[in-house]
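Novice: Quick one: this structure, given as structure tokens, is what I'll be asking you about.
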Amino acid sequence: MKWLDILKDYQFYLKIEKGLSKNSIDSYSRDVKKLIYYLEENNIIVTPISITNDDIQQFIYTAAKSINARSQSRLISGLRNFFDYLVFEDYRKNNPTDLIESPKIGRKLPDTLSLEEIDLLINAIDLSEPQGERNRTILETLYSCGLRVSELINLKLSDLFFEEGFIRVLGKGNKERFVPINTQTQKYILFYINTIRVHLNIHKKYEDTIFLNRRGKILTRVMIFTIIKNLAVKAGIKKKISPHTFRHSFATHLLERGADLRAIQQMLGHESITTTEIYMHLDKSFLKDVLNTFHPRK
56 MKWLDILKDY
66 QFYLKIEKGL
76 SKNSIDSYSR
86 DVKKLIYYLE
96 ENNIIVTPIS
106 ITNDDIQQFI
116 YTAAKSINAR
126 SQSRLISGLR
136 NFFDYLVFED
146 YRKNNPTDLI
156 ESPKIGRKLP
166 DTLSLEEIDL
176 LINAIDLSEP
186 QGERNRTILE
196 TLYSCGLRVS
206 ELINLKLSDL
216 FFEEGFIRVL
226 GKGNKERFVP
236 INTQTQKYIL
246 FYINTIRVHL
256 NIHKKYEDTI
266 FLNRRGKILT
276 RVMIFTIIKN
286 LAVKAGIKKK
296 ISPHTFRHSF
306 ATHLLERGAD
316 LRAIQQMLGH
326 ESITTTEIYM
336 HLDKSFLKDV
346 LNTFHPRK
């Protein structure tokens, strides 16, 4: 059995059986491709069925020389999932990564923006250009709804339920959720749709997509990253920020103002509450206020 043949089967499994997005499938595939490349470079002749724990240990040891602990952990996790699939399909009797320990890593706290910094970024946008209105609407939507960048670029006109005060979002694993949207952000979206987007020569495939480039096609993830990076430089913000920073800021600011963690979990589309708990990186004074406000024996 050849590596690339089984990798194609694995990708099909991730898409059909697991319902993963293209980005997630690409991420899992990269881990396996790194192993394949290592085997070819070192002329190690093994198949997905015959590869041993020792082979993979040596690969991880070699990879560890050029990647950090977090990347090592991600790589091991990706390979473990791949070999779990082989066991599940009865190609193998055991998973050769079972005895490989991931490096200990601390839980990385996400960077956030203050309200002032968010205003600085938005104020740095040149609204005299057509894409300026679009970019302002993008930042407002990211922050007010806590969206992932993939969720933002795939947002559809048919996903807007403004009369009810919600937007429909297709998240990880094609899971649908409804996220509340404030009236101010609704106004920005409607203004962009009615004054900028309406004048674009929209590609037939993207007639229902909200945010488009000047050629009437869907924006890429890279383009959103570039827009935010350039605005950060223009606004004089030194933090390393990305579209995900707005999502982190959304959750943190809600939590700081007393929002329920379970409600934030639903809005973010986290499957597990433990993922949302990372936003509990708040100062002690806030926690003290929560205790004084809500404890029955304050």
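Taking this note's numbering, the leading residue of the sequence shown gets 56, the next gets one more, and so forth. By construction, the Cβ of each residue, glycine as well, lies at the ideal position given by its N, Cα and C atoms.
1. Give a yes or no on contact between the region 190–209 and the region 262–270, applying the rule of three or more CB pairs nearer than 8 Å.
2. How about D109: is its Cβ closer than 6 Å to a heavy atom in the ligand HEM?
3. Compare the Cα-Cα distances from G226 to each of S183, L130, Y93, S205 and report the closest residue.
4. Identify whether K242 lies in helix, strand or coil by the three-state DSSP scheme.
5. CA-CA distance, S199 and K295?
6. Would you kindly work out how many angstroms separate the C-alpha atoms of K63 and E172, rounded to a whole number?
7. Classify E188 as buried or exposed, calling it buried when 16 or more other Cβ atoms lie within 10 Å of its own Cβ.
8. If I follow the unbroken beta strand (DSSP E) through R173, where does it start and stop?
9. Is it buried or exposed for P298, if we count other Cβ within 10 angstroms and need 16 for buried?
10. Give a yes or no on whether the C-beta atoms belonging to H258 and K272 are separated by under 7 Å.
11. Per DSSP, E231 is paired with what?
12. Put K295 into one of helix, strand or coil per three-state DSSP.
13. Alpha carbon to alpha carbon, how far is W58 from L94? Give it in angstroms, no decimals.
14. Counting C-beta neighbours from all protein chains within 10 Å, is the total for P103 16 or more, i.e. buried, or is it exposed?
15. Among I177, L207, N237, which one has its Cα closest to the Cα of L274?
16. For a quick check, are the C-beta atoms of F114 and L75 less than 7 Å apart?
17. Could you tell me the alpha carbon to alpha carbon distance between T281 and E231, rounded to whole angstroms?
18. Report the three-state DSSP secondary structure of K211 (helix, strand or coil).
19. Specify whether the region 237–257 and the region 132–146 touch according to this definition: at least 3 beta carbon pairs, one from each stretch, less than 8 Å apart.
20. To the nearest angstrom, report how far apart P158 and A124 are at their CA atoms.
21. So, for D338: in the same chain, excluding its five sequence neighbours on each side, which residues have a beta-carbon less than 8 Å away from its beta-carbon?
22. Put I251 into one of helix, strand or coil per three-state DSSP.
Specialist: Per the coordinate set shown:
1. Yes, the region 190–209 touches the region 262–270.
2. This structure does not include the ligand HEM; it has no bound ligands of any sort.
3. S205
4. helix
5. 20 Å
6. Whole-angstrom Cα-Cα distance: 44 Å.
7. buried
8. According to the sequence displayed, residue 173 carries Ile and not Arg. Here I173 belongs to no beta strand (DSSP E); instead the alpha helix (DSSP H) covers 170–178.
9. buried
10. yes
11. L225
12. coil
13. 10 Å
14. buried
15. L207
16. no
17. 27 Å
18. strand
19. no
20. 6 Å
21. Here the model assigns D338 a pLDDT of 45, short of 50, so the residue's position is not dependable and the matter cannot be decided.
22. coil
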